[in-house]
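2 protein chains.
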Amino acid sequence: MREGGVDAVHVTIAYHETFREMVLNLEAWNDRFRCHPDLILPGRWASDIDIARRTGRTAIFFGFQNPSPIEDDIGLVEIAHTLGIRFMQLTYNNQSLLATGCYEAEDPGLTRMGRAVIAEMNRVGLVIDMSHSADRSTLEAAEASTRPIVISHANPHDWHPARRNKRADVIRAVTERGGMLGFSLYPHHLKDGSACSLQSFCEMIARTADLVGPRHLGLGTDLCQDQPHSVVDWMRVGRWTKQTDYGEGSATQPGFPRMPGWFQDNRDFGAIERGLRDTGMAEDDIHGIMGRNWYVFFEDNFAPLG
Amino acid sequence: MREGGVDAVHVTIAYHETFREMVLNLEAWNDRFRCHPDLILPGRWASDIDIARRTGRTAIFFGFQNPSPIEDDIGLVEIAHTLGIRFMQLTYNNQSLLATGCYEAEDPGLTRMGRAVIAEMNRVGLVIDMSHSADRSTLEAAEASTRPIVISHANPHDWHPARRNKRADVIRAVTERGGMLGFSLYPHHLKDGSACSLQSFCEMIARTADLVGPRHLGLGTDLCQDQPHSVVDWMRVGRWTKQTDYGEGSATQPGFPRMPGWFQDNRDFGAIERGLRDTGMAEDDIHGIMGRNWYVFFEDNFAPLG
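From first to last, the protein sequence lines stand for chains F and H. Sequential numbering of the first sequence, starting at 1, is according to the working numbering. Sequential numbering of the second sequence, starting at 1001, is according to the working numbering.
Structure representation (structure tokens):
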């Protein structure tokens, strides 16, 4: 991350964990903060990114990919924010207590608890993330939320029609209300997968900027650098099935997919910046997409209301 | 509290709760903060007392009377501090995983985990409270801790030889290392119980100040104003016995004892201030005992080390 100039990262702190299990994950991160104060610091506010930059470190911001850590208890939304959580996906592929995931056959939209939790997330400053949600649920969340919401990691469906990529009207519903789309580098979200070219990826970004403007776009790499195979099992299967579910993978490719050659790991952000420059995009827009847009979003959306 | 000029209070957030149950108690307080922002605010730092004073409110600081919420997991010490907990008793009357309570027949002193947890509490800024601990455990905690510890609510055993009151050498071991003793108004800790006179109580304070100096003394009322009977059951019995344990009460007096006439509730702090003045104590020492000494202690002892 230091070599790649990554001042801040959004880290998954829960896929399917209960509240107590998620706290165990926070404890493991507390140990990392204690053992590596020269490299990382806890990220709570946009100003922590300034501190990270000034001191040559990376600020670690936490997000839930699933609302499982709040269990059936809306009071845990505020507790999660107090513990430093800043993003929560309302669903992770499957139906949750709050909304519908993008792998379900039917999407009946936000649940009663979903609407209550959105209001509470707005109140305390926990950002709604619909990356793994189905379309109707996402549109309803964008509408119901009084603060901007995000799709932290996905790409346009027009470019690569993966189930996790988002249709233009869904992207627009999020960005036109001040929300953010983070472009994913997970090969299953890329045109031609691991063989996707840097040019194709960057032209897709430039075309999206033409459509929705450059201010509400950033990176959300979905990078799983050095994660063991057990993580991909846990994220796909959790405890919700007795079968093997391959998610976006398959029986012949069950593990993490191979990253594109031009984005192997955190050292390679410079390649994306150069690729964007090659599309002819304005320098200021490139800086926004490479980080400043997320910084501004963090500034506006992590504090409690009132 | 507003009538009594109480700018800050140390609230019990757990007696026997697991971590998750303690979090439910925090959630209930979050609801109170949300519903009564004109009266109370969360207390995290000494500076919150300044805010409370300036805005005519009371800052609510949280403490555990028992280490049960950290379960067998030292990582929960830092999590508790992040959640705003500022005091933790190493024991509540019984043996704990950390040390021995004052109702046990034997006191073998700090456990292995007890020593590890003291070091972690020192590191993160969670204050060690030995109010309900046995003497040897308390002396060993005062010695093992690199930061001052407290007896937040008890009185000198010389004045009233209750099991919960503290011998002179125990009080001295705490105060001579910069720690605090908070004088209790719980009738079982008072000479003559509910019939204790204001004069007797205040002269006891003045005599303690003569012995250990006035700077490390304050109030720790143990006031249970408007608490239902269920609270006294939970605090005494928890889930640790199938019998009825009356604690400091008895079968004929099973509930909360009647408060002394001169200290019925939070409105009556002025009486204590006047009583201290009647002992001839210096005005500056009285101000210290009525609140400033705790304020200074809060300033020095809630922040993480380094």
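Here a beta-carbon is modelled for each residue, glycine too, at the ideal position from N, C-alpha and C.
Interface partners of residue 1020 (chain H) on chain F, CB under 8 Å = The residue labelled residue 1020 (chain H) in the question sits at position 20 within the second sequence. Near residue 1020 (chain H) (Cβ distances below 8 Å), the residues of chain F are 19 and 20.
May I ask you to report which of helix, strand or coil DSSP gives residue 6 (chain F)?
-> Translated into positions along the first sequence, residue 6 (chain F) becomes position 6. Coil.
By the criterion of Cβ-Cβ separation under 9 Å, what are the contact partners of residue 1075 (chain H) in chain F?
-> On the second sequence, position 75 is the one that residue 1075 (chain H) refers to. Within chain F, the residues near residue 1075 (chain H) are 23, 24, 26, 27, 28, 30 and 31.
Count the other CB atoms, across all protein chains shown, that sit within 10 Å of the CB of residue 1244 (chain H); report buried if there are 16 or more and exposed otherwise.
-> The residue you call residue 1244 (chain H) lines up with position 244 of the second sequence. Under this definition residue 1244 (chain H) is an exposed residue.
For residue 269 (chain F) versus residue 6 (chain F), is the C-beta distance shorter than 8 Å?
-> Here residue 269 (chain F) refers to the residue found at position 269 when the first sequence is read from its first residue. Here residue 6 (chain F) refers to the residue found at position 6 when the first sequence is read from its first residue. Closer than 8 Å, so yes.
What does a CB cutoff of less than 6 Å around residue 65 (chain F) pick up in its chain, not counting 5 residues either side in sequence?
-> Here residue 65 (chain F) corresponds to residue number 65 of the first sequence, with the count starting at 1. So the list reads 12, 15, 89 and 92, once near-sequence residues are dropped.
C-alpha distance - residue 1296 (chain H) paired with residue 257 (chain F), whole-angstrom precision | Position 296 of the second sequence holds residue 1296 (chain H). Position 257 of the first sequence holds residue 257 (chain F). Roughly 57 Å between the two C-alpha positions.
Bridge partner(s) assigned by DSSP for residue 89 (chain F) = Here residue 89 (chain F) corresponds to residue number 89 of the first sequence, with the count starting at 1. Paired residues: F:129.
Taking C-beta to C-beta, are residue 125 (chain F) and residue 81 (chain F) nearer than 8 Å?
-> By 1-based counting over the first sequence, the position of residue 125 (chain F) is 125. By 1-based counting over the first sequence, the position of residue 81 (chain F) is 81. Going by C-beta atoms, residue 125 (chain F) is nearer than 8 Å to residue 81 (chain F).
Other residues of its chain near residue 1170 (chain H): CB distance less than 6 Å, five sequence neighbours each side excluded | Residue 1170 (chain H) sits at position 170 when you count from the first residue of the second sequence. Around residue 1170 (chain H): 1135 and 1138.
Any chain F beta carbon closer than 8 Å to residue 1120 (chain H) = As a first step, residue 1120 (chain H) must be located in the second sequence, where it is residue number 120. Judged by the 8 Å Cβ criterion, residue 1120 (chain H) is not in contact with chain F.
Could you tell me if residue 230 (chain F) is buried or exposed, where buried requires 16 or more neighbouring beta carbons within 10 angstroms of its beta carbon?
-> The residue labelled residue 230 (chain F) in the question sits at position 230 within the first sequence. It is exposed - the Cβ of residue 230 (chain F) has fewer than 16 other Cβ atoms within 10 Å.
Check the Cβ of residue 289 (chain F) against every Cβ in chain H and list those closer than 7 Å, keeping chain order.
-> Position 289 of the first sequence holds residue 289 (chain F). Residues of chain H passing the Cβ test: none, with the nearest at roughly 33 Å.
So which residues of chain H does residue 128 (chain F) contact, with C-beta pairs closer than 9 Å?
-> The residue labelled residue 128 (chain F) in the question sits at position 128 within the first sequence. The premise fails here: residue 128 (chain F) is roughly 20 Å from chain H at the closest Cβ pair, so nothing lies under 9 Å.
Using a C-beta to C-beta distance shorter than 8 Å, which residues of chain H count as neighbours of residue 83 (chain F)?
-> As a working note, residue 83 (chain F) is residue 83 in the first sequence. 1079, 1082 and 1083, listed in chain order.
With DSSP as the reference, please indicate the residues paired to residue 1151 (chain H) in a beta bridge.
-> The residue you call residue 1151 (chain H) lines up with position 151 of the second sequence. Answer by DSSP bridge pairing, in chain order: H:1181.
What do you get for residue 1107 (chain H), buried or exposed, if any count of 16 or more other CB atoms within 10 angstroms of its CB means buried?
-> For the purposes of this step, residue 1107 (chain H) is identified with residue 107 of the second sequence, where counting begins at 1. Buried: at least 16 other Cβ atoms inside 10 Å.
Grab me the residues of residue 102 (chain F)'s own chain with a C-beta within less than 7 Å of its C-beta, minus the 5 sequence neighbours each way, in chain order.
-> Working through the first sequence from its first residue, we reach residue 102 (chain F) at position 102. Contacts found: 93, 132, 133, 134, 163 and 164.
Proximity winner among H:1198, H:1044 and H:1021, relative to residue 1260 (chain H) (alpha-carbon distances) | In the second sequence, counting from the first residue as 1, residue 1260 (chain H) sits at position 260. The residue with the shortest Cα to Cα distance from residue 1260 (chain H) is H:1198.
Rounded distance between the beta-carbons of residue 1104 (chain H) and residue 1068 (chain H), thought under 8 Å = For the purposes of this step, residue 1068 (chain H) is taken as residue 68 along the second sequence, with counting starting at 1. For the purposes of this step, residue 1104 (chain H) is taken as residue 104 along the second sequence, with counting starting at 1. No, residue 1068 (chain H) and residue 1104 (chain H) are not in contact; Cβ-Cβ is about 16 Å, not under 8 Å.
Return the bridge partner residues of residue 1060 (chain H) from the DSSP annotation.
-> Within the second sequence, numbered from 1, the residue matching residue 1060 (chain H) stands at position 60. Paired residue(s): H:1009 and H:1042.
By a C-beta neighbour count over all protein chains shown, 10 Å radius and 16 as the cutoff for buried, is residue 1184 (chain H) buried or exposed?
-> Translated into positions along the second sequence, residue 1184 (chain H) becomes position 184. Its Cβ being crowded by 16 or more others within 10 Å, residue 1184 (chain H) is buried.
Where are the beta strand (DSSP E) runs, 3 residues long or more, that stay fully inside the stretch 74–125 of chain F, in chain order?
-> 85–89
Throw me the rounded Cβ distance for the residue 1019 (chain H) and residue 20 (chain F) pair, which I believe falls under 8 Å.
-> Residue numbering aside, residue 1019 (chain H) sits at position 19 when the second sequence is read from its first letter. Residue numbering aside, residue 20 (chain F) sits at position 20 when the first sequence is read from its first letter. With 8 Å as the limit, residue 1019 (chain H) and residue 20 (chain F) qualify as a contact, their Cβ atoms being about 7 Å apart.
Using beta-carbon positions only, say whether residue 149 (chain F) and residue 141 (chain F) come within less than 8 Å of one another.
-> Position 149 of the first sequence, counting from 1, holds the residue named residue 149 (chain F). Position 141 of the first sequence, counting from 1, holds the residue named residue 141 (chain F). Contact: yes.
In the DSSP assignment, find the beta strand (DSSP E) that holds residue 1218 (chain H) and state where it starts and stops.
-> For the purposes of this step, residue 1218 (chain H) is taken as residue 218 along the second sequence, with counting starting at 1. Its beta strand (DSSP E) spans residues 1217–1219.
Are the beta-carbon atoms of residue 389 (chain F) and residue 217 (chain F) separated by less than 8 Å?
-> This structure cannot speak to residue 389 (chain F), because chain F is shown only from 1 to 306.
Taking residue 298 (chain F) as the reference, give the member of F:26, F:1 and F:43 with the closest Cα.
-> Translated into the one-based positions of the first sequence, residue 298 (chain F) becomes position 298. Per the Cα distances, F:43.
Roughly how many angstroms separate the alpha carbons of residue 1030 (chain H) and residue 78 (chain F), rounded to a whole number?
-> Counted from its first residue, the second sequence places residue 1030 (chain H) at position 30. Counted from its first residue, the first sequence places residue 78 (chain F) at position 78. Each residue's Cα considered, the two are about 8 Å apart.
Check residue 14 (chain F) in the structure and name its three-state DSSP category.
-> Working through the first sequence from its first residue, we reach residue 14 (chain F) at position 14. Strand, per DSSP.
For residue 225 (chain F), which residues of its own chain have a beta-carbon under 8 Å away from its beta-carbon, when the five flanking residues on both sides are left out?
-> By one-based count along the first sequence, residue 225 (chain F) stands at place 225. The answer, listed in chain order, is 265 and 266.
Residue 1161 (chain H) (DSSP reduced to helix, strand or coil) | The residue you call residue 1161 (chain H) lines up with position 161 of the second sequence. Here residue 1161 (chain H) sits in coil by DSSP.
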